[in-house]
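No gaps in the numbering here: position 249 of the sequence shown is 230 in my numbering, and each next residue is one more.
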Amino acid sequence: MKNFILFLLAFPISQMIFSQEIVILPHENKTELIWQGGEKSTYSEQWQTELISNVSTPTLQIFRAAPSLNTGTSVIIAPGGGLRVLSINSEGVDVAKWLNTKGITAFVLKYRLLPENDTVLQNETKDDQNASSAMTKKVANVLELATSDGLNAMDYVRSNAKVLGIDPDRIGFMGFSAGGAVTMGVTFNYTKANRPDFIVPVYPWMTVLGTYNVPQDAPPMLIICASDDQYDLAHESIDLYSAWSKSGKSAAIHMYSKGGHGFGMKTQGLPSDNWISRFYEWSLAEKIVVTSQQP
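Right under this line is the structure:
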């Protein structure tokens, strides 16, 4: 059995104590990647959110739904950031808190990233087309590690479902951009024990995964994206939807005309601001979330 480490961080807020449950996931590194120092946090004016970098130890942060609201459904959330950083709030914590209001328990995954001293990735600038084969190999290595972290997250949540107060048969995986690649990496590599019951790739970065085949027991999938995605992830999303649909698997897609890349939980005054409500509607229709108000 894999070993998981759970610890609590207590922060004084006025006269209250806020406990944060953090699970350290089991991990090993058989690649050439070497991290120096611990993970780092900075606020990006360009991204308008806190960014976490240099993650070498994968963790899950647990956001429990209130007992009075708890539906038993849960979602593991993989923020995006090009495998170099994590957009931890807009594509992580803020998503988890919204899900909690609907009775959905959430887990924000900090998966392993490229060491901070490595250069930018292939999907970030036009000049990246000249990226070296060494960088391509590092990207492949870190994606393999991140996928392993996602699978271990699934193992943890399902094996601890009773303690967490969730249904072991209603555990989903949601990921944004590079986190979408992790979501699909998990989907293409799961076993019966760590198969997600549903997946939600949000503007997923699919080219980094290369060619893929739809699993025979592929879980239901909802894709979210915008046509004006700067990295042309809309077409990758459409191809992914088509692959699921042509294989006779349950698939849905919301493609917004505007929204750009990385909208997450940001407010832009666009229909894409409400994508998470569309996820909730889909989850009700698919009976992924079951509430007392449903017939």
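Where a beta carbon is used, it is the ideal one built from N, C-alpha and C, also for glycine.
Bear in mind the structure is a predicted one, so any value in this text is a computation, not a measurement.
Original post:
Are the stretch 121 to 136 and the stretch 19 to 35 touching, with three or more C-beta to C-beta distances below 8 Å?
Top reply: no
**OP:** Verify whether the separation of the beta carbon atoms of leucine 90 and glycine 62 is less than 8 Å.
**Re:** no
**OP:** Give me whichever residues DSSP pairs with tyrosine 261 in a beta bridge.
**Re:** According to DSSP, which records beta bridges pairwise, tyrosine 261 is partnered with nothing at all.
Subject >> Contact the stretch 33 to 41 vs the stretch 144 to 157: 3+ CB pairs below 8 Å >> reply: no
**OP:** Quick one: grab the DSSP three-state call for tryptophan 256.
**Re:** helix
Original post:
Quick check: the stretch 204 to 216 against the stretch 181 to 191, are there 3 or more CB pairs under 8 Å?
Top reply: yes
Subject >> Own chain residues within Cβ distance below 7 Å of threonine 279, not counting five before or after >> reply: Because the chain here runs from -18 to 276, residue 279 falls outside it and cannot be looked at.
Subject >> Nonlocal neighbours in the same chain, by C-beta distance under 7 Å from alanine 77, ignoring five residues either side >> reply: Phe44, Ile58, Ala87, Val89
**OP:** Consult DSSP for glycine 166 and reduce its assignment to one of helix, strand or coil.
**Re:** helix
**OP:** Determine the extent of the alpha helix (DSSP H) in which isoleucine 219 is found, giving its start and end residues.
**Re:** 214 to 227
Subject >> Straight-line gap, serine 231 to methionine 202 (C-alpha atoms, nearest Å) >> reply: 6 Å
Subject >> 8 Å Cβ cutoff met for tryptophan 16 and serine 34 >> reply: no
**OP:** Within 10 angstroms of the Cβ of asparagine 98, are there 16 or more other Cβ atoms? Answer buried if so, exposed if not.
**Re:** exposed
Original post:
Who pairs with valine 183 in a beta bridge, going by DSSP?
Top reply: Phe157, Ile205
Original post:
Quick one: what's got a C-beta closer than 6 Å to phenylalanine 244's C-beta in the same chain, skipping five residues either side?
Top reply: Ser253
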